[in-house]
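Take a look at the structure set out below.
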């Protein structure tokens, strides 16, 4: 089955893409670029760099923009899926949803309207096992946004390795946040994955941070040999 992956550049969508590749044929990536940083549906930090990640993965990218208005942005999602079907013949859509019923239900509804299969390989996954597999498989993930206590500015740009995961476990236990950041506590950016032909080098970045809310803005990045 030919699949398109809803692609944000964060760990969940890229891990879901890798999982889908093990079962079906991924023919394109699909990114919805929201002008609203508070989008209910779509990841926004460093979303413009999805094109560089698609190049690293040697996969075509279907990219559409949305104003990011609640519910209205689903029309732009539909437009993106229609374009992917027309250009690459997709028969199904992959998402990185883990716990968000809000997002999963809306994507599934749009897929039903378009007669597309919706594949959610991470849905209700054991978060501990997922994070262990992510690191063990060789994904290189940096934290690109923090939106919850106790994360301070030092977390921005930090790689999620086993040491970081140990700290996240303790924070999840103590502060009752999700280990994966699925509750909106963290956003991520993937610089390497098992299926990337090249990895991404972050060449210039800046941080904005205030009151447990911060973003790593990647201003310049390029592809380098693995």
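Numbering (my numbering), first residue to last: 251 to 476. Glycine included, C-beta positions come from ideal geometry on N, C-alpha and C.
For residue i, tell me which candidate among the options has the shortest Cα-Cα distance.
i: residue 345; options: 445, 354 and 459; result: 354
i: residue 388; options: 255, 412 and 432; result: 412
i: residue 304; options: 320, 292 and 260; result: 260
i: residue 409; options: 422, 350, 437 and 423; result: 437
i: residue 292; options: 321, 266, 265 and 306; result: 321
Per DSSP, residue i forms a beta bridge with which residues?
i: residue 369; result: 344
i: residue 280; result: 256 and 312
i: residue 442; result: 390
i: residue 463; result: 460
i: residue 455; result: 468
Enumerate in chain order the residues of its own chain whose CB-to-CB distance from residue i is below 7 angstroms, with the five nearest sequence positions on each side excluded.
i: residue 456; result: 467 and 469
i: residue 433; result: 427
i: residue 474; result: 448, 449 and 451
Give me the Cα-Cα distance between residue i and residue j, rounded to the nearest whole angstrom.
i: residue 308; j: residue 447; result: 7 angstroms
i: residue 441; j: residue 273; result: 23 angstroms
i: residue 418; j: residue 429; result: 6 angstroms
i: residue 415; j: residue 394; result: 16 angstroms
i: residue 258; j: residue 363; result: 22 angstroms
i: residue 315; j: residue 298; result: 11 angstroms
i: residue 359; j: residue 431; result: 24 angstroms
i: residue 425; j: residue 398; result: 10 angstroms
i: residue 310; j: residue 462; result: 36 angstroms
i: residue 323; j: residue 336; result: 20 angstroms
Within a Cβ cutoff of 6 angstroms, which residues of the same chain sit near residue i, ignoring the five residues on either side of it in sequence?
i: residue 338; result: 277 and 278
i: residue 254; result: 278, 280, 334, 340 and 343
Quick one: what does DSSP say residue i is sitting in, helix, strand or coil?
i: residue 448; result: strand
i: residue 429; result: coil
i: residue 436; result: strand
i: residue 317; result: coil
i: residue 385; result: helix
i: residue 473; result: strand
i: residue 333; result: helix
i: residue 468; result: strand
i: residue 274; result: coil
i: residue 378; result: helix
Suppose the cutoff is 8 angstroms on Cβ atoms and the five residues either side in sequence are ignored; what does the same chain contact list for residue i look like?
i: residue 271; result: 445
Compute every distance between the C-beta of residue i and the non-hydrogen atoms of the ligand NAD, then say whether any falls below 7 angstroms.
i: residue 454; result: The ligand NAD is absent from the structure shown, which contains no ligands of any kind.
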